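A.B. asks: In this note's numbering, the protein residues as written are 1 to 634. Every residue gets a Cβ at the ideal spot worked out from N, C-alpha and C, and that includes glycine. Quantities reported herein were computed from a predicted structural model and do not represent experimental measurements. Sharing a structure here in structure tokens format.
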């Protein structure tokens, strides 16, 4: 009898173990990439890692020289750029420097390449299964979110002379997991999911399909008075928000940034979401920008399709802060879509942590830090320089992530974090442009500001005990002064971090009082006569005459003090716009005449039609070399 009982127990245990075994293959991973309703589900038995080309010394050589762009060099000169043991999935590959060299993938301990592909074709969309929009290029960066599973280890070898910038992110699994190793020929089931992704990601943003049949929609047409609060929905049962919508889309636009979105779950003392609605929906410096798969503004409607489960109740409000100036009464139409499907075991609640801060020099900016269990799914960031002689160099800073006390991710630059590349360079990170999961919110060289967004679906970041997610500001040692505004999105059972409620002084959008133009960057300065671009500066040789033409289309009309950062101005003659005669720069500099300094030239006016500012210069005894042109508001 005891033997029969033991056999029965073993059979039951075997059946239970089999039923709980997790299967991972191209179909399951493409579904994870695509399935927005599964975002709240915890990622059990998995750990995130990344191999990247970041400078191990803490400086800024994150791929420029290729010094840290490989793990080791093979005898034939090829480079091992990624290696992992055990079971796992490569979930993201990024680079701003793809080449026509070959990548060899070695799966499951193979001694010869299991799969080879030209590096460029990881992102070109020309080679199946690396198809758009799962792979692509935006704002200077090439990315692939095609999952590449492996059952018993993986090695990637670059068959080229020099590898530069890259990031390769993977998820490793432990426990009862069965992984089907990558094959380039997709199964019918996986191909069906791929086609669904291609269709949905290429279409207009719409509510994702949900497991519940019925979606309840609470619609309101409201008038929002300055200093007032309106409740959009108050739900007194368990469920999940599946859709938020607001029209008109420009209702949150403007520099005051005074309308807050506040969401509270289950009567918690701390709101799950509390920050300016414009920041939440990806507006940039006063106007709509983001149009992502999950959230943004499209066709005059602000939308969010991030699933937000709760246990017992949900309250969704708009708060219109009273400011010192005159404010309009707002007419807003709102929609809250929700289903009667309360939070499941193994799911977190949604939280969006808003903060605005000028991080201290020498210390990174922290998106999210705290203790608890959950996973990170999104970052929105706006950045405004606080000094105006280093343009957007704060975006040289690397991101860094510590999960459960272990450093797991270290990036190569801020635009790289958002899947972009090459700020202030043609065809790079220089415009409002995005993909379904990432993109550039704004870029202005004269205003020294930028911003980006990134969502994590397949590659969400799990933590069991704690998370520390940060980004540097500056090329080295956090050495650029900047103001950051961020939204950090995550799922957890309770808030991981709490911040201050938005205030007028902490949310208002500041327009810089100084605009800067760099001859070496983006052609804001052009040249006539003997003026020329040389050695990165705007130059005019001794006794020669030329004109610097400054494009001021991004500068508001008004009067400005024009000053230049340069050298060789002793004895220089110059003529400002509207000035009838020449002025002579007669500062006696002596031995300091060849030092780069700021020199005030006079007052100019930017007119309503933004005609270019023309500065005519005749060099004196020295060559004139101008590195920066500044316009300071008067």
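Does DSSP put residue 306 in a helix, in a strand, or in coil?
C.D. replies: coil
A.B. asks: Under 8 Å: do the stretch 364 to 384 and the stretch 258 to 271 share three or more Cβ pairs, one atom per stretch?
C.D. replies: no
A.B. asks: Is the stretch 438 to 447 in contact with the stretch 287 to 301, if contact means three or more CB pairs nearer than 8 Å?
C.D. replies: yes
A.B. asks: What is the rounded straight-line gap between the Cα of residue 487 and the Cα of residue 167?
C.D. replies: Going from the Cα of residue 487 to the Cα of residue 167 covers about 23 Å.
A.B. asks: Mapping DSSP to helix, strand and coil, what is residue 589?
C.D. replies: Legend: pLDDT at residue 589 = 47, less than 50; position of this residue unreliable, value from coordinates given subsequently. Three-state DSSP puts residue 589 in coil, outside helix and strand.
A.B. asks: Could you give the distance in angstroms between the alpha-carbon of residue 568 and the alpha-carbon of residue 552?
C.D. replies: Each residue's alpha carbon lies about 25 Å from the other.
A.B. asks: Within 10 angstroms of the Cβ of residue 236, are there 16 or more other Cβ atoms? Answer buried if so, exposed if not.
C.D. replies: exposed
A.B. asks: Excluding the 5 residues preceding and the 5 following residue 250 in the sequence, name in chain order all residues of the same chain whose CB lies nearer than 7 Å to its CB.
C.D. replies: 288
A.B. asks: Is DSSP giving residue 31 helix, strand or coil here?
C.D. replies: Correct three-state label for residue 31: helix.
A.B. asks: Mapping DSSP to helix, strand and coil, what is residue 123?
C.D. replies: coil
A.B. asks: Apart from the five residues just before and just after residue 298, which ones in its own chain have a Cβ nearer than 7 Å to its Cβ?
C.D. replies: 204, 205 and 291
A.B. asks: Pair every Cβ in the stretch 293 to 307 with every Cβ in the stretch 497 to 505, then say whether three or more of these pairs are closer than 8 Å.
C.D. replies: no
A.B. asks: Secondary structure at residue 320, three-state DSSP: helix, strand or coil?
C.D. replies: strand
A.B. asks: Give, in chain order, every unbroken run of the beta strand (DSSP E) that is at least 3 residues long and sits entirely within the stretch 460 to 486.
C.D. replies: The qualifying runs are 461 to 463 and 466 to 471.
A.B. asks: Thinking residue 571 and residue 620 are a contact (beta carbons under 8 Å), I'd like their distance in whole angstroms, please.
C.D. replies: The pair is a contact, with the Cβ atoms about 3 Å apart (cut-off 8 Å).
A.B. asks: Given that a residue counts as buried once 16 or more other Cβ atoms are within 10 Å of its Cβ, and exposed if not, what is residue 596?
C.D. replies: exposed
A.B. asks: In whole angstroms, what separates the C-alpha of residue 243 from that of residue 218?
C.D. replies: 10 Å
A.B. asks: State the DSSP-derived secondary structure class of residue 216, mapped to helix, strand or coil.
C.D. replies: strand
A.B. asks: For residue 80, collect the residues of the same chain with a Cβ closer than 7 Å to its Cβ; drop the 5 residues on either side in sequence, then sort them by chain order.
C.D. replies: 70, 71, 72, 74, 155 and 157
A.B. asks: Return no unless some Cβ of chain B is closer than 7 Å to the Cβ of residue 552.
C.D. replies: No chain B is present in this structure, which holds just one protein chain.
A.B. asks: Run through the DSSP bridge pairs and tell me what residue 155 is partnered with.
C.D. replies: 83 and 106
A.B. asks: Would you say residue 400 and residue 484 are within 7 Å of each other, going by their C-beta atoms?
C.D. replies: No, the Cβ-Cβ distance between residue 400 and residue 484 is not below 7 Å.
A.B. asks: Looking at the structure shown, is residue 269 part of a helix, part of a strand, or coil, going by DSSP?
C.D. replies: coil
A.B. asks: State the Cα-Cα distance for the pair residue 13 and residue 139, rounded to the nearest angstrom.
C.D. replies: Because residue 13 carries a pLDDT of 44, less than 50, the predicted location of this residue cannot be relied on, and no value is offered for it.
A.B. asks: Taking C-alpha atoms, which residue in 200, 603, 340 and 610 lies nearest to residue 560?
C.D. replies: 603
A.B. asks: Could you tell me the distance, in whole angstroms, from the CA atom of residue 43 to the CA atom of residue 171?
C.D. replies: 10 Å
A.B. asks: For a minimum of 3 consecutive residues, which ranges assigned as the beta strand (DSSP E) are wholly contained in the stretch 548 to 578?
C.D. replies: If we require 3 residues or more, the beta strand (DSSP E) runs fully inside the stretch 548 to 578 come out as 558 to 567 and 573 to 575.
A.B. asks: Can you tell me where the beta strand (DSSP E) with residue 47 in it begins and where it stops?
C.D. replies: Element bounds for residue 47: 46 to 52.
A.B. asks: Could you tell me the boundaries of the alpha helix (DSSP H) in which residue 178 lies?
C.D. replies: Per DSSP, residue 178 belongs to no alpha helix (DSSP H); it is in the beta strand (DSSP E), 177 to 179.
A.B. asks: Among 261, 228, 482 and 111, which one has its Cα closest to the Cα of residue 472?
C.D. replies: 482
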